[in-house]
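**Student:** Take a look at the following structure, please.
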Amino acid sequence: MEKAAAEPTLRKIGIVDVTFGQRVTVVDPVNLYGCTIGDDCFIGPFVEIQRDVVIGKRCRVQSHAFICEFVTIGDDCFISHGAMFINDLFSEGGPAKGRRDLWRPTTVGHGVSIGTNTTILPVTVCDRVVIGAGAVVTKDITEPGVYVGNPARLKRRL
Numbered sequence: 029m030e031k032a033a034a035e036p037t038l039r040k041i042g043i044v045d046v047t048f049g050q051r052v053t054v055v056d057p058v059n060l061y062g063c064t065i066g067d068d069c070f071i072g073p074f075v076e077i078q079r080d081v082v083i084g085k086r087c088r089v090q091s092h093a094f095i096c097e098f099v100t101i102g103d104d105c106f107i108s109h110g111a112m113f114i115n116d117l118f119s120e121g122g123p124a125k126g127r128r129d130l131w132r133p134t135t136v137g138h139g140v141s142i143g144t145n146t147t148i149l150p151v152t153v154c155d156r157v158v159i160g161a162g163a164v165v166t167k168d169i170t171e172p173g174v175y176v177g178n179p180a181r182l183k184r185r186l
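Under the working numbering, think of the first position of the sequence shown as 29, with each following residue one higher.
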């Protein structure tokens with residue numbers, strides 16, 4: 029006897045409980061919820077921005093970027109295609125499984141450019157930083173400059 033196929037739980041993407049500034053452009057489809065997006069921002073398609081994220085003014089978030097809870101991004105920032113922000117460091121040997129007390133915040137300063145397919149762990153990034161494509165940021169960045177590699181290292185000062 030053949031087993032009947034189970035029906036999945038269907039969750040739709042969309043925009044829920046978002047605070048938008050003036051003149052924000054959003055390209056559908058996106059998954060934005062519980063976040064704040066400042067004036068004159070652009071949010072590309074296939075982007076997810078989770079609750080408690082704050083994005084400053086005049087920022088551009090390109091397609092396929094993922095910005096998890098507890099991320100704050102300053103003004104005049106560029107987040108390129110496929111950039112990933114991480115808030116769970118697996119501090120207890122595996123995923124926090126919804127235990128928000130184990131998640132850590134990330135703060136990105138003003139005038140920061142984050143390259144394609146970059147991974148940003150819970151860190152603080154100062155103003156006027158360029159993070160090269162594919163870089164993995166594992167530690168705070170405290171000096172303006174260009175950072176590349178895995179782990180990301182200062183290549184040159186700005």
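All C-beta atoms, glycine included, are put in the ideal place defined by N, C-alpha and C. Remember, it's a predicted structure, so these values are computed and weren't measured experimentally.
1. Look up SER141 in the DSSP assignment and give the residues it is bridged to.
2. Helix or strand or just coil, what does DSSP make of ARG184?
3. Taking its Cβ as the centre, do 16 or more other Cβ atoms sit within 10 Å of ASP116, making it buried, or is it exposed?
4. In this structure, does DSSP put ARG88 in helix, strand or coil?
5. Who are the Cβ neighbours of GLU97 in its own chain at under 7 Å, not counting the five residues just before and after it?
6. What residues match up with ILE101 in a beta bridge as DSSP calls it?
7. Are GLY143 and GLY173 touching if we call contact CB-CB under 9 Å?
8. Should the stretch 118–137 be regarded as contacting the stretch 149–159, the criterion being three or more beta carbon pairs within less than 8 Å?
**Tutor:** Reading from the atomic positions:
1. SER141 is bridged to PHE106 and VAL158.
2. Look at ARG184 here: in three-state DSSP terms it is strand.
3. Under this definition ASP116 is a buried residue.
4. Three-state result, ARG88: strand.
5. Taken in chain order, the residues that qualify are GLN78, ARG79, ASP80, VAL81, ASN115 and TRP131.
6. Looking at the DSSP output, ILE101 sits in a beta bridge with ILE83 and VAL136.
7. In this structure, GLY173 does not lie closer than 9 Å to GLY143 by Cβ.
8. Because the criterion of three Cβ pairs below 8 Å is met, the stretch 118–137 and the stretch 149–159 touch.
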